[in-house]
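*Asks:* Using our numbering, you'd call the opening residue of the sequence shown number 66 and step up by one each time.
There's a structure below that I have some questions on.
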Amino acid sequence: MVDRKEKNSKGGSGDKVPQHVWAEPCLLHEEHPEEHPNDLAGKLSVTWQLTDDDDGAALGATVRKYLESPWARAKKLVLDGKVTVDGVVSALPGFRVRAGQQLAVGAVPSPKTERISGPKIVHLDSQLVVIDKPAGMLSVPHREADRDTALDLAAKAIEQSLRSSAHRAPPLKVVHRLDKDTSGLMVFARTTAAQEALKEQLRQYKVERIYLLLAHGRVEPGTIESYLVKNRGDGLRGATHDTKLGQLAITHVKVLELLDGASLCTATLETGRTNQLRIHLSERGHPLLGDRVYLKPHVERGLVPIDAPRLMLHAATLGFMHPSSGRPFRFESKWPEELEAIVASRRLPKI
66 MVDRKEKNSK
76 GGSGDKVPQH
86 VWAEPCLLHE
96 EHPEEHPNDL
106 AGKLSVTWQL
116 TDDDDGAALG
126 ATVRKYLESP
136 WARAKKLVLD
146 GKVTVDGVVS
156 ALPGFRVRAG
166 QQLAVGAVPS
176 PKTERISGPK
186 IVHLDSQLVV
196 IDKPAGMLSV
206 PHREADRDTA
216 LDLAAKAIEQ
226 SLRSSAHRAP
236 PLKVVHRLDK
246 DTSGLMVFAR
256 TTAAQEALKE
266 QLRQYKVERI
276 YLLLAHGRVE
286 PGTIESYLVK
296 NRGDGLRGAT
306 HDTKLGQLAI
316 THVKVLELLD
326 GASLCTATLE
336 TGRTNQLRIH
346 LSERGHPLLG
356 DRVYLKPHVE
366 RGLVPIDAPR
376 LMLHAATLGF
386 MHPSSGRPFR
396 FESKWPEELE
406 AIVASRRLPK
416 I
């Protein structure tokens, strides 16, 4: 990994901003009926109300205590996503529980019982559509069985808006992607020409992509540059010293505010590799809050993770040149409520 002095991203749309849009995604969860204690082999889960004696204890140790089971079994249940705290799955054995929380071990709610609102369309014209994707939604299908992705739902919304038209809308075309757990702005093309033009802007680093994030610890501003591979040796994507094997990845990080145990930052992508921001911050020692993948190695080394209901990563700004008119377009998305709540609870007192 190579750190360079902080610099401006090559992306951006300049000073001319003909379109400035705010759009706020919404995450909706169905309420689940209270589960009745039952055998772990059954379909229901065992639940406990945590007491003062449990306050501050590690989740893995708490599961072991209540199940009276070996540590290996308790840890596996946590890592396999079979444990919820106040209805939220936590796959981190080192996560610190609090008195009054409800611990459930066993079956977790079926994905079919969780409903997520569709993406909000913030701009639509004959060439493209810009959406604000909620967290927990796939950008595009990865398998034939994948349904209700951002691509699918955006296309359905456009179809509904054109019901009175005699022309059927052509399929949307993928320009870039967001991770499932990342919320925020993304663009789909409506024509092949628009898709090619937008992808060319990406290749030339002319698309402005700024993310808002919360990371553990005291982040230092600057540029992170490394070469990423699909398997860094532990089955995860990560950095390599072999420049011939990896893809160049460059991220520019700015710190907006230092919080209690965390940093509120923006990160500008110069390149757009899979999981780039999560990898770069994690390998610098600052995993993102709510990251179930790249947070695990840090927890195993003793990091006490800050509780977060989801990955604290939001695609806040998207800027590009319109593929048809050549005009600069720039869109901004409001902070997710979950992120705002954590910032408020972790804000340091002014001296």
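Ideal Cβ positions, reconstructed from N, Cα and C, are used throughout, including at glycine.
Note that the structure is a prediction, hence the values are computed from the model and not measured.
For a quick check, are the C-beta atoms of LEU376 and GLY355 less than 8 Å apart?
*Replies:* Along the sequence shown, read from residue 1 onward, the residue named residue 376 stands at position 311. Along the sequence shown, read from residue 1 onward, the residue named residue 355 stands at position 290. Taking 8 Å as the Cβ cut-off, LEU376 and GLY355 qualify as a contacting pair.
*Asks:* Below 6 Å CB to CB, which residues in the same chain sit around VAL67 once its five sequence neighbours on both sides are set aside?
*Replies:* As a position in the sequence shown, residue 67 is number 2, starting the count at 1. Interpretation of VAL67 is limited by its pLDDT of 46, a score under 50 that renders its predicted location unreliable; the figure taken from the coordinates is listed afterwards. The residues are GLU290.
*Asks:* With distances taken between CB atoms, is the gap from SER390 to ALA259 smaller than 8 Å?
*Replies:* Taking the sequence shown and counting its residues from 1, the one referred to as residue 390 is at position 325. Taking the sequence shown and counting its residues from 1, the one referred to as residue 259 is at position 194. No, these two residues do not count as a Cβ contact at 8 Å.
*Asks:* ALA262 to LYS140, Cα distance in whole Å?
*Replies:* Residue mapping note: residue 262 aligns to position 197 of the sequence shown, counting from 1. Residue mapping note: residue 140 aligns to position 75 of the sequence shown, counting from 1. If you take the alpha carbons of ALA262 and LYS140, they lie about 49 Å apart.
*Asks:* May I ask which residues mark the beginning and end of the beta strand (DSSP E) holding LEU383?
*Replies:* Within the sequence shown, the letter at position 318 stands for residue 383. Per DSSP, LEU383 belongs to the beta strand (DSSP E) from 378-386.
*Asks:* Beta-carbon within less than 8 Å of THR214's beta-carbon, same chain only, minus the 5 sequence neighbours each way: which residues are those?
*Replies:* Your numbering for residue 214 matches position 149 in the sequence shown. Here the set comprises MET202, LEU203, SER204, VAL205 and PRO206.
*Asks:* Going by Cα to Cα distance, which pick from GLY303, THR336 and LEU329 is closest to ARG417?
*Replies:* With the chain covering 66 to 416 only, the question about residue 417 has no answer from this structure.
*Asks:* What first and last residue would you give for the beta strand (DSSP E) that runs through GLN312?
*Replies:* Stepping through the sequence shown from its first residue, residue 312 is reached at position 247. GLN312 -> beta strand (DSSP E) spans 312-323.
*Asks:* Compare the Cα-Cα distances from VAL320 to each of GLY350, ALA280 and GLY249 and report the closest residue.
*Replies:* Numbered from 1 along the sequence shown, position 255 holds the residue referred to as residue 320. Nearest of GLY350, ALA280 and GLY249 to VAL320, Cα basis: ALA280.
*Asks:* Buried or exposed, going by whether 16 or more other CB atoms sit within 10 Å of the CB of LEU313?
*Replies:* As a first step, residue 313 must be located in the sequence shown, where it is residue number 248. Per the 10 Å Cβ criterion, exposed.
*Asks:* Identify the continuous beta strand (DSSP E) that holds ILE223 and give its terminal residues.
*Replies:* Position 158 of the sequence shown holds residue 223. ILE223 -> not in any beta strand (DSSP E); alpha helix (DSSP H) instead, spanning 215-226.
*Asks:* Since GLU403 and PRO374 are thought to touch, with beta carbons under 8 Å apart, how far apart are those beta carbons, to the nearest angstrom?
*Replies:* Taking the first residue of the sequence shown as 1, we reach residue 403 at position 338. Taking the first residue of the sequence shown as 1, we reach residue 374 at position 309. That pair is a contact at about 5 Å.
*Asks:* Starting from SER155, trace the alpha helix (DSSP H) in both directions and tell me its first and last residue.
*Replies:* By 1-based counting over the sequence shown, the position of residue 155 is 90. Per DSSP, SER155 belongs to no alpha helix (DSSP H) and is neither H nor E.
*Asks:* Do LEU237 and ARG274 come within 8 Å of each other at the CB atom, strictly closer than that value?
*Replies:* For this step, residue 274 is matched to residue 209 along the sequence shown. For this step, residue 237 is matched to residue 172 along the sequence shown. The answer is no: Cβ separation not under 8 Å.
*Asks:* Please classify THR339 as buried or exposed, where buried requires at least 16 neighbouring CB atoms within 10 angstroms.
*Replies:* Walking along the sequence shown from the start, residue 339 turns up at place 274. It counts as exposed.
*Asks:* Starting from LYS140 and walking both ways along the alpha helix (DSSP H), at which residues does that stretch end?
*Replies:* Looking up residue 140 in the sequence shown gives position 75. Counting along the chain, the alpha helix (DSSP H) containing LYS140 begins and ends at 136-144.
*Asks:* On the DSSP letters alone, give me the boundaries of the alpha helix (DSSP H) that LEU250 sits inside.
*Replies:* Taking the first residue of the sequence shown as position 1, residue 250 is located at position 185. Taken as a continuous stretch (DSSP letters only), LEU250 belongs to no alpha helix (DSSP H), being part of the beta strand (DSSP E) at 248-254.
*Asks:* When burial is assigned at 16 or more other CB atoms within 10 Å of the CB, is PHE396 buried or exposed?
*Replies:* On the sequence shown, residue 396 is found 331 positions in, with the first residue counted as 1. Counting Cβ neighbours within 10 Å, PHE396 comes out buried, since at least 16 surround it.
*Asks:* Can you give me the Cβ contacts of PHE159 inside the same chain, cut-off strictly under 8 Å, excluding the 5 residues immediately before and after it?
*Replies:* For the purposes of this step, residue 159 is taken as residue 94 along the sequence shown, with counting starting at 1. The question names Phe, but residue 159 is Gly in the sequence shown. Same-chain partners within the cutoff: ALA123, LEU124, GLY125, VAL364, GLU365, GLY367, LEU368, VAL369 and PRO370.
*Asks:* Assuming VAL294 and LEU310 make a contact with CB atoms under 8 Å, what is their CB distance in whole Å?
*Replies:* Here the question's residue 294 lines up with position 229 in the sequence shown. Here the question's residue 310 lines up with position 245 in the sequence shown. About 5 Å separates the two Cβ atoms, so the contact holds.
*Asks:* If you reduce the DSSP assignment to three classes, tell me which class HIS281 lands in.
*Replies:* As a working note, residue 281 is residue 216 in the sequence shown. In the structure shown, HIS281 sits in a strand (DSSP, three-state: E or B).
*Asks:* Using the beta-carbon count (16 or more within 10 Å), is PRO401 buried or exposed?
*Replies:* Counted from its first residue, the sequence shown places residue 401 at position 336. The residue is buried, with at least 16 neighbouring Cβ atoms inside 10 Å.
*Asks:* So, for ASP37: in the same chain, excluding its five sequence neighbours on each side, which residues have a beta-carbon less than 8 Å away from its beta-carbon?
*Replies:* No statement about residue 37 is possible, as the shown extent of the chain runs from 66 to 416 and does not include it.
*Asks:* Is it buried or exposed, THR257, if we count other Cβ atoms within 10 angstroms and call 16 or more buried?
*Replies:* Mapped onto the sequence shown, residue 257 falls at position 192. It counts as exposed.
*Asks:* Cβ-heavy atom distance between PRO401 and the ligand NAD below 7 Å?
*Replies:* This structure lacks the ligand NAD; in fact it carries no ligand of any kind.
*Asks:* Quick check on GLN266: does DSSP put it in helix, strand or coil?
*Replies:* If you number the sequence shown from 1, residue 266 lands on position 201. The answer is helix: DSSP assigns GLN266 an H, G or I state.
*Asks:* Would THR382 be called buried (16 or more neighbouring beta carbons within 10 Å of its own) or exposed?
*Replies:* Counted from its first residue, the sequence shown places residue 382 at position 317. Buried: at least 16 other Cβ atoms inside 10 Å.
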